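In my numbering, the protein residues as written are 126 to 474.
The next block holds one structure in the form of structure tokens; read it before the comments.
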């Protein structure tokens with residue numbers, strides 16, 4: 126982030142204001158922590174350059190259902206802490222909320238110098254079309270995402286939707302960013318060219334297994350599983366690079382995948398440990414802690430399909446399956462980090 130901030134700052138000169146956007150900001154305690162980190166880095170960069178800090182226009186974006194009120198109620202404390210740390214107060218950093226999908230336009234032309242997004246772009250704008258036949262036959266039976274048993278048409282539909290969405294994201298930002306502006310994106314991906322590879326799909330595979338076990342006991346209808354598909358896609362770095370090149374408005378500065386533990390933040394998962402309990406986390410097993418985290422993200426969409434009264438049992442079973450999975454392997458995720466600059470060739474969008 127340091128490099129992106131310094132570069133974006135240089136592009137603002139001699140402008141007196143700097144436009145910053147956090148896309149997919151959510152509403153948890155980390156939302157304003159990200160803003161604080163960005164402002165602190167801008168403050169440090171200005172100090173090193175010996176220049177005055179520009180006025181900062183910080184836009185926090187998420188879908189209309191996001192709890193922006195929670196964020197706004199946290200602003201007084203945020204400004205108090207920010208002023209203590211950097212001297213930047215209400216008259217130097219202007220924060221606003223922008224509700225809407227980042228797959229379309231959100232801001233005026235040439236208004237953004239620095240764009241940031243974390244843990245959002247793996248979510249698609251919609252479930253890919255074409256996952257059932259004209260006769261209504263579901264093509265991804267017993268699964269809720271790409272798997273080893275998914276036919277090629279399912280994989281193709283998911284990739285096509287991601288390509289469409291990510292292209293639209295880039296084209297929208299191209300119109301909103303100044304020439305030379307920087308964008309730093311982080312989202313789930315995969316290291317294998319195979320979209321059905323275990324790393325990148327195991328969280329959904331285990332969730333499908335939990336659902337199918339409930340269907341076998343008559344707790345939910347199997348048809349509901351067959352008709353449900355997660356609006357999610359974990360791309361490869363090559364797929365991302367191809368879309369950036371095709372859209373043509375950005376230059377890739379950095380694109381890399383990083384391996385992270387699925388249960389990052391919990392205790393060691395050494396195989397010789399027969400106690401799989403995470404210390405200090407309500408005595409939840411590692412699987413229980415992962416299930417709790419996953420539930421916070423996907424419960425709403427699952428409730429609408431399978432019913433609220435099924436959620437406790439579903440995630441109890443999911444936790445057990447995750448624990449068994451951890452007993453056999455060190456589960457990993459791939460996090461893609463992409464840094465791009467807005468080029469000057471296609472600046473008319």
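Glycine included, every Cβ here is placed at the ideal spot set by N, Cα and C.
This one's a predicted model, so the numbers in the text were calculated from it and none came from an experiment.
query	result
Cβ pair count under 8 Å reaching 3, the region 367–375 against the region 293–308	yes
Closer than 7 Å: residue 204 CB and nearest the ligand ADP heavy atom	Absent from the structure shown: the ligand ADP. Ligands present: none.
Cβ separation of residue 303 and residue 237, assumed to be a contact under 8 Å, to the nearest whole Å	7 Å
For residue 247, the three-state DSSP class (helix, strand or coil)	coil
Residue 263: first and last residue of the uninterrupted alpha helix (DSSP H) it sits in	That residue, residue 263, is in no alpha helix (DSSP H); it is neither H nor E in DSSP.
Through-space distance from residue 145 to residue 241, alpha-carbon basis	8 Å
Counted within 10 angstroms of its Cβ, other Cβ atoms place residue 443 as buried (16 or more) or exposed	buried
Three-state secondary structure (DSSP) of residue 403	Low confidence applies to residue 403: its pLDDT is 42, below 50, so where it sits in the model is not reliable, and the reading given next is rough at best. Residue 403 falls in the coil class under three-state DSSP.
Top-ranked residue by Cα proximity to residue 359, from 188, 311, 261	311
Closest by C-alpha distance to residue 429, when choosing among 357, 379, 352, 366	352
Coarse secondary structure for residue 270, derived from DSSP in three states	coil
Beta-carbon contacts of residue 469 that lie in its chain and below 6 Å, excluding the five residues immediately before and after	304
Collapsed DSSP secondary structure at residue 228 in the structure displayed	coil
Any alpha helix (DSSP H) of 4 or more consecutive residues that is wholly inside the region 319–395	327–341, 347–351, 362–372
Cβ-Cβ separation, residue 270 to residue 326 (assumed contact under 8 Å), whole Å	6 Å
8 Å Cβ cutoff met for residue 181 and residue 143	yes
Three-state secondary structure (DSSP) of residue 239	strand
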